[in-house]
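Residue numbers (my numbering): 111 to 732.
#1: If you measure between the beta carbons of residue 458 and residue 467, is that distance less than 7 Å?
#2: Decide yes or no for the touch test of the region 680-699 against the region 484-501: beta carbon pairs closer than 8 Å, at least 3 of them.
#3: With a Cβ-Cβ cutoff of 7 Å, do residue 267 and residue 237 count as a contact?
#4: State whether the region 119-126 contacts the region 148-159, with contact taken as three or more CB pairs (one from each stretch) at a distance under 8 Å.
#5: Going straight from the alpha carbon of residue 618 to that of residue 646, what length do you get?
#6: Which first and last residues belong to the alpha helix (DSSP H) in which residue 623 is found?
#7: Could you check the C-alpha separation between residue 129 and residue 249 for me, to the nearest Å?
#8: Please look up how many angstroms separate the CB atoms of residue 649 and residue 391, rounded, as I've assumed it's under 8 Å.
#9: Start and end of the alpha helix (DSSP H) containing residue 411?
#10: For the alpha helix (DSSP H) that residue 688 lies in, which residues bound it at each end?
#11: Do you know offhand how far residue 470's Cα is from residue 419's?
#12: Whose C-beta lies closer than 7 Å to the C-beta of residue 546 among residues of the same chain, with five residues either side of it excluded?
#13: Between the alpha carbons of residue 702 and residue 715, how many angstroms are there, rounded?
#14: Since residue 556 is in the beta strand (DSSP E), which residue starts that stretch and which ends it?
#15: Using a Cβ-Cβ cutoff of less than 8 Å, which residues in the same chain neighbour residue 148 once the five nearest sequence positions on both sides are dropped?
#16: Along the chain, where does the beta strand (DSSP E) that runs through residue 226 open and close?
#17: Rounded to the nearest angstrom, what separates residue 644 and residue 563 at their Cα positions?
#18: With DSSP as the reference, identify every bridge partner of residue 458, one or two as the case may be.
#19: Given a cut-off of 7 Å, decide if residue 139 and residue 310 are closer than it, judged by their beta-carbon atoms.
#20: Using the three-state DSSP reduction, which class does residue 146 fall into: helix, strand or coil?
#21: For the alpha helix (DSSP H) holding residue 352, just list the boundary residues, first then last.
#22: Would you identify the three-state DSSP class for residue 220, choosing helix, strand or coil?
#23: Please go through the same chain and pick out, in chain order, the residues whose beta-carbon is closer than 7 Å to the beta-carbon of residue 424, but skip the five residues on each side of it.
#24: Identify which residue in 540, 456, 698, 696 has its Cα closest to the Cα of residue 652.
#25: Please classify residue 312: does DSSP put it in a helix, a strand, or coil?
#26: Residue 591 to residue 559, Cα distance in whole Å?
#27: Assign residue 177 to one of two classes, buried (16 or more other C-beta atoms within 10 Å of its C-beta) or exposed (fewer than that).
#28: For residue 368, does the three-state DSSP call read helix, strand or coil?
#29: If we ignore side chains and look at the alpha-carbon of each, how far apart do residue 663 and residue 680 end up?
#30: Between residue 407 and residue 283, what straight-line distance do the alpha-carbon atoms span, to the nearest angstrom?
#31: By a C-beta neighbour count over all protein chains shown, 10 Å radius and 16 as the cutoff for buried, is residue 202 buried or exposed?
#32: Is it true that the CB of residue 261 sits closer than 7 Å to the CB of residue 229?
#33: Keeping to the same chain, check which residues put their C-beta closer than 6 Å to that of residue 376; ignore five residues upstream and five downstream.
#34: Taking the continuous beta strand (DSSP E) assigned at residue 240, which residues delimit it?
#35: Hey, how far is the Cα of residue 280 from the Cα of residue 162?
#36: Please classify residue 387: does DSSP put it in a helix, a strand, or coil?
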């Protein structure tokens with residue numbers, strides 16, 4: 111069913127209150143001798159203020175993101191676009207490869223170019239066909255719902271406003287969605303039980319109370335009655351269109367519409383991660399949820415960690431050519447090592463429940479994880495996995511050198527994070543270790559710092575004490591300029607504006623989470639990392655990932671595979687060490703210096719390990 115959990119943006123006082131079947135009327139736009147198109151006064155919203163460009167951007171966005179109107183869908187893969195701007199999965203992978211975002215184009219995840227014949231467009235009096243798009247709707251659960259192809263025809267028209275006594279100029283846009291099915295029995299559950307569905311937007315600049323009217327028109331299957339579910343679906347679809355139009359930010363990028371977020375799917379193509387996530391969910395989710403022994407909600411943690419695992423698998427495929435174990439069986443020969451043999455290994459710092467480590471190990475990737483406290487969940491994993499989960503305290507080497515532990519009776523192991531060279535560092539909602547992540551990765555080998563991914567959560571200083579970092583200075587400059595131009599407003603307008611601002615970089619970095627993300631990135635950049643940030647598709651508001659060293663590592667691994675020497679791309683180790691210690695000294699100054707910060711860190715680490723059972727225990731630890 112379409113998502114409809116927020117406040118209705120429609121004016122419900124104008125609805126008739128009658129069942130849809132009693133308000134049906136023939137469509138005045140889609141008249142035909144062979145097809146009986148219908149509409150209803152309850153499926154139209156008048157007085158909208160959106161210019162035609164907003165509706166066009168919103169329509170393009172929805173073409174590739176049908177999940178915004180149906181929770182049963184993941185996405186739509188574009189198979190054909192007559193304008194050539196919406197890219198197919200193959201084109202996306204090729205563009206990522208050409209940009210250095212991957213080693214090779216994955217021809218297994220994106221099927222070979224298959225030509226799906228578009229449905230022939232209707233001739234609509236007064237309208238001109240401007241674009242044809244063929245898309246494949248991808249369901250979240252492929253075992254329950256099949257994929258379905260759909261042809262989308264976009265039309266435009268101009269002339270006098272419909273139903274107007276004068277000749278007021280109007281602009282009209284029409285989108286018709288045609289599923290590739292021959293009978294209602296073939297229609298997937300996630301699609302309305304209709305032969306065709308159309309959205310019309312009629313824009314008349316001088317109209318009152320507003321220039322725009324959006325309406326739905328549809329073509330039923332023969333002798334098919336209006337079911338309650340179909341009525342709810344159509345109402346929800348109209349509501350979704352209006353809500354998304356209100357949030358659309360116009361852009362010059364016409365490939366995906368104005369709602370496209372530039373930091374989402376910018377590292378790995380969306381379809382690769384989602385396809386892998388679907389496979390992992392089918393393979394692991396049910397078993398993990400059934401055997402969950404923590405007091406926390408299993409589904410939230412299981413699905414979130416499976417999503418992150420899917421991203422890592424595709425990230426490592428692009429960086430190292432490493433593939434999951436199931437694929438290794440299909441691609442290796444007795445005389446050639448498996449593709450994952452070159453993978454340098456991973457460490458999941460503050461690994462929490464251990465699900466991420468468990469799934470990665472089961473998928474054939476070597477690595478381990480540690481946390482200050484053992485979790486109950488560890489006991490449900492095989493012995494081979496439990497051996498890779500360590501109850502250890504991490505004491506950064508600068509702290510160990512400044513103030514080594516003085517209590518010989520401490521019954522928990524500690525380490526300084528000196529993992530094997532090139533180990534990939536995973537810092538998943540690791541709290542105190544978030545800002546330490548690029549420092550930890552650099553300490554492994556300053557001449558060739560390890561790559562890492564950090565997914566920030568709660569904000570802490572280097573000492574481990576809770577601390578809220580100030581926004582980057584550039585944000586304050588933007589904020590001052592906005593305040594000069596736009597005086598403060600109260601009420602709902604101010605709240606709406608604040609929410610819109612939060613979607614921008616300036617708004618994001620003013621938040622505690624954004625400032626923590628910015629600090630992690632700035633530390634990494636200070637150490638010489640090439641840094642990227644990307645929004646992960648995980649069920650969490652803490653979904654921004656900071657990735658360090660991806661492009662450099664990809665290049666180094668490619669050159670090593672071609673027989674280059676190991677020293678390729680190495681930096682001046684002494685210079686990097688000095689940068690690192692300079693950053694540590696500066697960040698520890700607020701706690702009284704490195705010595706004092708080390709004492710704070712060690713005492714907090716011991717406290718986290720005690721696990722007295724009083725109060726809520728943190729999900730992660732040092």
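C-beta atoms are modelled at their ideal positions from N, C-alpha and C, and glycine is treated no differently.
Every value quoted in this text rests on a predicted model; they were computed, and no experiment measured them.
Result, derived from the coordinates:
#1: If you check the CB distance, residue 458 and residue 467 come in under 7 Å.
#2: Using a Cβ-Cβ distance cut-off of 8 Å, the region 680-699 and the region 484-501 are not in contact, since fewer than three pairs of beta carbons, one from each stretch, lie closer than that value.
#3: For the pair residue 267 and residue 237, the CB atoms are nearer than the 7 Å cut-off.
#4: Of all C-beta pairs linking the region 119-126 to the region 148-159, three or more are shorter than 8 Å, placing the two stretches in contact.
#5: In this model, residue 618 and residue 646 are separated by some 15 Å (Cα to Cα).
#6: Residue 623 -> alpha helix (DSSP H) spans 622-636.
#7: Just so you know, the alpha carbons of residue 129 and residue 249 end up roughly 30 Å apart.
#8: The distance from the Cβ of residue 649 to that of residue 391 is about 12 Å, inconsistent with a contact at the 8 Å cut-off.
#9: Residue 411 -> alpha helix (DSSP H) spans 408-430.
#10: Residue range 683-698 is occupied by the alpha helix (DSSP H) that includes residue 688.
#11: Cα-Cα distance, rounded: 7 Å.
#12: Within the same chain, residue 546 has close Cβ partners 506, 572.
#13: Cα to Cα, the separation comes out at about 19 Å.
#14: Looking at the DSSP string, residue 556 is not in any beta strand (DSSP E), and its letter there is neither H nor E.
#15: Taken in chain order, the residues that qualify are 134, 135, 136, 137, 327, 328, 329, 330.
#16: No beta strand (DSSP E) contains residue 226, which DSSP labels as neither H nor E.
#17: Taking the straight line from one Cα to the other gives about 10 Å.
#18: In the DSSP output, where bridge partners are listed per residue, residue 458 has 479, 536.
#19: Contact flag set, yes.
#20: In this structure, residue 146 counts as coil in the three-state DSSP scheme.
#21: From DSSP, the alpha helix (DSSP H) with residue 352 extends over 338-357.
#22: Reliability of the predicted coordinates at residue 220 is poor, the pLDDT of 43 falling under 50, and the value obtained from them is presented with this limitation in mind. Three-state result, residue 220: coil.
#23: Residues of the same chain with a CB within less than 7 Å of the CB of residue 424, apart from the 5 flanking positions on each side, are 378, 382, 383, 386 in chain order.
#24: The shortest Cα separation from residue 652 among 540, 456, 698, 696 belongs to 540.
#25: Correct three-state label for residue 312: strand.
#26: Residue confidence for residue 591 is low, a pLDDT of 41 falling below 50, so the modelled location carries little weight and cannot support an answer.
#27: Buried, because 16 or more other Cβ atoms sit within 10 Å of the Cβ of residue 177.
#28: Low local confidence applies: a pLDDT of 47 at residue 368 is under 50, so the model's placement there is unreliable, with the coordinate-based value given in what follows. Three-state DSSP puts residue 368 in coil, outside helix and strand.
#29: Their Cα atoms are separated by approximately 11 Å.
#30: Using only the alpha carbons, I get a separation of about 46 Å.
#31: Taking all protein chains shown into account, residue 202 has 16 or more neighbouring C-beta atoms within 10 Å of its C-beta and is therefore buried.
#32: In contact: residue 229 and residue 261 (Cβ atoms closer than 7 Å).
#33: Listed in chain order, the non-local C-beta contacts of residue 376 below 6 Å within the same chain comprise 644, local neighbours out to five positions each way being set aside.
#34: Taken as a continuous stretch (DSSP letters only), the beta strand (DSSP E) holding residue 240 covers 238-249.
#35: Answer to the nearest angstrom: the Cα atoms are 10 Å apart.
#36: Note: residue 387 maps to helix in three-state DSSP.
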